[in-house]
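Q: Have a look at the structure that comes next, please.
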Amino acid sequence: MRAIIDKLYKDQFLQEHELTDLLYGLKPEEESYLFAKAQEIRTKHYGKKVYMRGLIEFTNYCKRDCQYCGIRASNKKADRYRLSIDQVLDACVEGERLGYQTYVLQGGEDEYFTDSRLVELIEAIKKKFPKAAITLSVGEKPYESYLKYFEAGADRYLLRHETASEELYNRLHPRMSFLHRKECLNNLKRIGYQVGAGFMVGLPGQKVEDYVRDLIYLKELEPHMVGIGPFIPHKDTPLGGETGGTLEQTLILLAIIRLLLPKVLLPATTALGTINPFGREKGLQAGANVVMPNLTPMQVREKYSLYDGKICTGDEAAECRRCIEQRINKAGFELDMGRGDHKEWRGRDVY
Ligand code: 5AD
Ligand code: FES
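Residue numbers 0 to 350, in numbering that gives the first Met the number 0, belong to the letters of the sequence shown in order.
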């Protein structure tokens with residue numbers, strides 16, 4: 000198995016059957032070896048730096064019905080909210096005070112936020128915080144809409160592919176298509192965004208072969224960012240009674256992604272911190288180099304409930320900022336409050 004890990008380290012690539020072997024048969028000492036190699040590559044490209052993104056969850060209305068997600072349209076128990084432009088700007092002001100230079104605007108697919116409202120929001124943030132990077136995460140949209148947001152000043156876009164297994168994708172996403180998901184990701188890249196894809200780990204019925212597809216897809220797409228985290232059941236969804244993903248499986252996948260895409264921006268996600276008190280620290284030690292503390296106003300924090308038990312819902316933005324800094328330092332890393340663009344990013348003007 001060490002030979003396969005060495006090959007991955009050297010070539011940044013593995014054949015399908017090698018990835019399958021790797022995911023099936025890691026012994027504990029081989030696992031530590033994999034993490035050490037991932038760490039080495041991460042240090043080579045990014046040193047000990049951990050980039051910070053301020054996450055603003057600005058609407059939990061969603062027209063989609065993803066089986067796993069707590070804010071799916073069919074969940075009538077979800078207490079819906081949307082923030083006004085002023086509330087988002089206030090969150091950014093607090094973010095700036097705490098030193099953030101990236102704002103991630105995440106929301107459900109909310110039809111209230113038409114293209115013109117989103118453009119207005121993006122322009123308002125850009126005007127007030129010209130140096131900050133804006134990351135959008137608002138789901139599947141037509142090419143023209145993505146282009147409008149980019150022209151308004153959005154720099155990055157997160158759209159997890161969720162799972163690259165068509166059959167599993169279809170089972171989890173009523174009335175959606177994986178083909179269309181991929182088209183959206185291709186469009187985002189073409190327009191010039193720094194793009195984030197990613198998937199969940201431990202979905203009901205998800206097998207090693209499915210992760211292999213995720214890894215192969217990521218290698219083909221070559222996104223700038225990859226968000227992965229364990230699936231965690233939400234009680235008011237059809238998957239509420241299922242078992243969630245594990246820390247170990249998520250860490251192994253993080254490390255493999257670091258080796259497949261050496262310069263990728265890879266968050267240690269909130270979901271990982273939710274299933275284990277040191278999940279995010281362990282994520283960093285397996286090759287992750289980004290964290291995304293919450294800047295969402297306290298009054299609505301709890302309502303952005305994608306899964307049960309989500310951490311940080313009771314903590315002020317300043318508290319999360321302080322807490323995460325301590326955690327990063329204790330784990331042997333350094334906080335970096337810069338914009339944290341991808342290493343090969345040549346700026347938006349070249350597009
Ligand atoms: N468990 C873990 N992650 C989830 N997401 C949505 N619901 C859940 C859940 N129950 C993830 C999806 C989505 C991201 C914003 O949150 O991958 O893209
Ligand atoms: Fe939010 Fe620790 S990061 S409380």
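Just so you know, even glycine gets a beta-carbon here, dropped at the ideal spot from N, CA and C.
Answer with buried or exposed for A316, where buried requires no fewer than 16 other C-beta atoms within 10 angstroms of its C-beta.
A: On the sequence shown, position 317 is the one that residue 316 refers to. That one is buried.
Q: Verify whether the separation of the beta carbon atoms of L250 and K281 is less than 8 Å.
A: Start at 1 with the first residue of the sequence shown, and residue 250 comes out as number 251. Start at 1 with the first residue of the sequence shown, and residue 281 comes out as number 282. Yes, Cβ-Cβ distance for L250 and K281 is below 8 Å.
Q: For N293, which of R279, G286, I310 has the nearest alpha-carbon?
A: If you number the sequence shown from 1, residue 293 lands on position 294. Out of R279, G286, I310, I310 has the C-alpha closest to the C-alpha of N293.
Q: Any residue with its C-beta under 6 Å from a non-hydrogen atom of ligand 1 counts. Can you list them all in chain order?
A: Counting only residues whose CB is nearer than 6 Å to a non-hydrogen atom of ligand 1, the list in chain order is Y67, C68, R159, E161, M199, G228, F230, I231, H233, A270, L305, Y306.
Q: In chain order, what residues of the same chain lie with their CB nearer than 7 Å to the CB of L220, ignoring the 5 residues before and after it?
A: Mapped onto the sequence shown, residue 220 falls at position 221. Cβ within range, chain order: L184, A196.
Q: The alpha helix (DSSP H) spanning E280 covers which residue range?
A: The residue labelled residue 280 in the question sits at position 281 within the sequence shown. That run of the alpha helix (DSSP H) goes 278-284.
Q: Could you give the residue range of the beta strand (DSSP E) that holds T101?
A: Taking the first residue of the sequence shown as 1, we reach residue 101 at position 102. Here the beta strand (DSSP E) through T101 covers 101-106.
Q: Hey, how far is the Cα of N74 from the Cα of M224?
A: In the sequence shown, counting from the first residue as 1, residue 74 sits at position 75. In the sequence shown, counting from the first residue as 1, residue 224 sits at position 225. Whole-angstrom Cα-Cα distance: 30 Å.
Q: Ignoring anything shorter than 3 residues or poking outside the stretch 47-120, list the beta strand (DSSP E) runs there in chain order.
A: Listed in chain order, the complete beta strand (DSSP E) runs (minimum 3 residues) inside the stretch 47-120 are 48-51, 53-58, 101-106.
Q: Determine whether the beta carbon atoms of R81 and R71 lie at a separation below 8 Å.
A: What you label residue 81 is simply residue 82 of the sequence shown in a count that begins at 1. What you label residue 71 is simply residue 72 of the sequence shown in a count that begins at 1. Not in contact: R81 and R71 (Cβ atoms no closer than 8 Å).
Q: Taking the runs of the alpha helix (DSSP H) that are 4 residues or longer, which of them lie wholly in the stretch 187-263?
A: 207-220, 246-259
Q: Just curious, the alpha helix (DSSP H) that R320 is in, first and last residue?
A: For the purposes of this step, residue 320 is taken as the residue at position 321 of the sequence shown. 316-329 is the span of the alpha helix (DSSP H), which, as asked, contains R320.
Q: Please report the distance separating the alpha-carbon of I190 from that of P261.
A: On the sequence shown, position 191 is the one that residue 190 refers to. On the sequence shown, position 262 is the one that residue 261 refers to. If I take the Cα positions, the gap works out to 23 Å.
Q: Assuming Y192 contacts Y156 (C-beta within less than 8 Å), just tell me the rounded distance between them.
A: In the sequence shown, residue 192 corresponds to position 193, counting from 1. In the sequence shown, residue 156 corresponds to position 157, counting from 1. 4 Å between Cβ atoms; contact.
Q: Among E343, W344, R338, R345, which residue has its Cα nearest to the Cα of P129?
A: Walking along the sequence shown from the start, residue 129 turns up at place 130. The candidate whose alpha carbon is nearest that of P129 is R338.
Q: Drop a sphere of 10 angstroms on the beta-carbon of V92, count the other beta-carbons inside from all chains shown, and report buried for 16 or more, exposed for fewer.
A: Numbered from its first residue, the sequence shown carries residue 92 at position 93. Exposed: under 16 other Cβ atoms inside 10 Å.
Q: Go ahead and label M51 buried or exposed: buried means 16 or more other beta carbons lie within 10 angstroms of its beta carbon, across all protein chains shown.
A: For the purposes of this step, residue 51 is taken as residue 52 along the sequence shown, with counting starting at 1. Counting Cβ neighbours within 10 Å, M51 comes out buried, since at least 16 surround it.
Q: What is the DSSP secondary structure of S164, reduced to helix, strand or coil?
A: The residue you call residue 164 lines up with position 165 of the sequence shown. S164: coil per DSSP, three-state reduction.
Q: Which residue wins for smallest C-alpha separation from V194, given the options T134, H16, G107?
A: Here residue 194 refers to the residue found at position 195 when the sequence shown is read from its first residue. Measuring from the Cα of V194, the nearest candidate turns out to be T134.
Q: Under 8 Å by Cβ, that's how I've got M297 and Y99 pegged, so tell me the actual separation to the nearest angstrom.
A: Taking the sequence shown and counting its residues from 1, the one referred to as residue 297 is at position 298. Taking the sequence shown and counting its residues from 1, the one referred to as residue 99 is at position 100. Actually they are not in contact, since the Cβ atoms of M297 and Y99 sit about 17 Å apart, beyond 8 Å.
Q: Between I55 and V87, is the Cβ-Cβ spacing less than 8 Å?
A: Against the sequence shown, residue 55 aligns to sequence position 56. Against the sequence shown, residue 87 aligns to sequence position 88. Going by C-beta atoms, I55 is nearer than 8 Å to V87.
Q: Does the separation of the CB atoms of G226 and P266 fall below 8 Å?
A: The sequence position of residue 226 within the sequence shown is 227, counting from 1. The sequence position of residue 266 within the sequence shown is 267, counting from 1. Yes. Within cutoff.
Q: Tell me which residues share the same chain as Y142 and place their Cβ nearer than 6 Å to its Cβ, disregarding the 5 neighbours each side in the sequence.
A: Taking the sequence shown and counting its residues from 1, the one referred to as residue 142 is at position 143. Excluding sequence neighbours, Y142 sits near N186.
Q: How long is the line joining the alpha carbons of L264 and S136, rounded to whole angstroms?
A: Residue 264 sits at position 265 when you count from the first residue of the sequence shown. Residue 136 sits at position 137 when you count from the first residue of the sequence shown. Their backbone Cα atoms lie some 16 Å apart in a straight line.
Q: List the DSSP bridge partners of D335.
A: For the purposes of this step, residue 335 is taken as the residue at position 336 of the sequence shown. Per DSSP, Y50.
Q: Hey, how far is the Cα of R79 from the Cα of L305?
A: Reading the sequence shown from its first residue, position 80 is the one you call residue 79. Reading the sequence shown from its first residue, position 306 is the one you call residue 305. Here the alpha carbon of R79 sits roughly 12 Å from the alpha carbon of L305.
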